[in-house]
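First residue of the sequence shown: 0, per numbering that gives the first Met the number 0; consecutive thereafter. Before any comments, here is the structure.
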Amino acid sequence: MSEATVREDLLSWIELRTLGGLEPIRSSVLNNDFISGGVRFTLQSQQGIIRPQGFRAPLTITTVYRPPGRKTPYEDGEITGSGLFAYRYQGEDPNSYQNVALRQAFKDKIPLVWLRGIAKGEYMAVSPIWIAFDEPENLRVLFAPRLDTPLGRFEESSGPDSLSPSERRYRSRQVMQRVHQPYFRQEVLRAYRDECAICSLRLRPLLDAAHVIPDVEEDGFPVVPNGVSLCKIHHAAFDSNIIGIDPKYRVHVSQKILNEIDGPMLKHGIQEADGRTLALPRSKAKQPDPDRLEVRWSRFIAAQAG
Ligand SMILES: [Zn+2]
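The structure is reproduced here in structure tokens:
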């Protein structure tokens, strides 16, 4: 069994177990369920870097969960606007067993899995990631989630400061999709107890975190007050102004659609939603922000006139 085979197995296993990074994964699963070539591998530890005996590079790196407001000097975080994340070496010695592996992953462009703690014993997997820069002088590496551009671009850059504005924008966009989006979905679905706020559907694979202010816009932050848990149908209906939500959380179906006659999906799925009130999170702080809804609602109104 080669290291490369184990790594390939791991990337497919993570992909399957997390539905492509969309669903969280527990440490009990990470440490018991992954078997490659007949060998069981531990994938997560509080130490951070998992390097199995004899491997050149780590399999995973972990950022442990910290309750909100608790700061530590070893913050692993995003370098604003660059699409890159900093990951601290383990300890102060750049040539320790674990750190050498981390730096080897940089030299050989070996894909790793980043486990990002979101609650006690619970992680979002960002996979694969690539170490883009090694900074022994700062005792850290910088990494990025999978990019759809040739990796060679990294070699042309001498550091994150050398990224062009368009590279930064591109990377930020990728980070949004690969890192923040799954986390946003997780937080929104949790707030809505895994239900569509319009029809109460509880099939998690069919649920999305819809943005009130779309994420392509500057104010479209991936935060719970800018989200609503909606099933795929209601999400698409909301995004195409078939359904509008007013600032008092009432659902409106476009008059044009109300006049149409079609099968049971239109009747029960869409038309009967007209006049309903969203099923909201109990906590006020997690409900959609009325100011954001107002902005979105005015677009729905404008679309009806058109
Ligand atoms: Zn629904």
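All residues carry an ideal CB built from backbone N, CA and C; glycine is no exception. Predicted, not measured: the structure shown is a model, and the values here were computed from it.
_Does the beta-carbon of His233, which I'm using as the reference point, lie nearer than 6 angstroms to any heavy atom of ligand 1?_
His233 Cβ: within cutoff of ligand 1.
*Count the other C-beta atoms from every protein chain shown that fall within 10 angstroms of the C-beta of Gly317, then say buried if there are 16 or more, exposed otherwise.*
Look at the range of the chain in this structure, 0 to 305, and you will see that residue 317 is not part of it.
*Look at Asn98 and Tyr88 and say whether their C-beta atoms are less than 7 angstroms apart.*
yes
*Given a cut-off of 7 angstroms, decide if Cys230 and Leu329 are closer than it, judged by their beta-carbon atoms.*
Residue 329 is absent from the model: the chain starts at 0 and stops at 305.
*Can you tell me whether DSSP reads Pro72 as helix, strand or coil?*
With a pLDDT of 41 at Pro72, under the threshold of 50, the modelled position of this residue cannot be trusted; read the value that follows with caution. Pro72: coil per DSSP, three-state reduction.
*Given that a residue counts as buried once 16 or more other Cβ atoms are within 10 Å of its Cβ, and exposed if not, what is Ile300?*
exposed
_Leu206, enclosing alpha helix (DSSP H) - first and last residue_ = Leu206 -> not in any alpha helix (DSSP H); beta strand (DSSP E) instead, spanning 206 to 210.
*Looking at Asn225 and Arg291, is the spacing between their C-beta atoms short of 7 angstroms?*
yes
*Considering only residues of the same chain and omitting the five flanking positions on each side of Leu21, which have a CB-CB separation below 7 angstroms?*
Answer for Leu21: Pro181, Arg184, listed in chain order.
*asked:* DSSP three-state label for Ala56, please.
replied: Reduced to three states, the DSSP call for Ala56 is coil.
*Inspect the beta-carbon positions of Trp296 and Gly243 and report whether they are closer than 7 angstroms.*
yes
_Under 8 angstroms: do the segment 7 to 23 and the segment 109 to 127 share three or more Cβ pairs, one atom per stretch?_
yes
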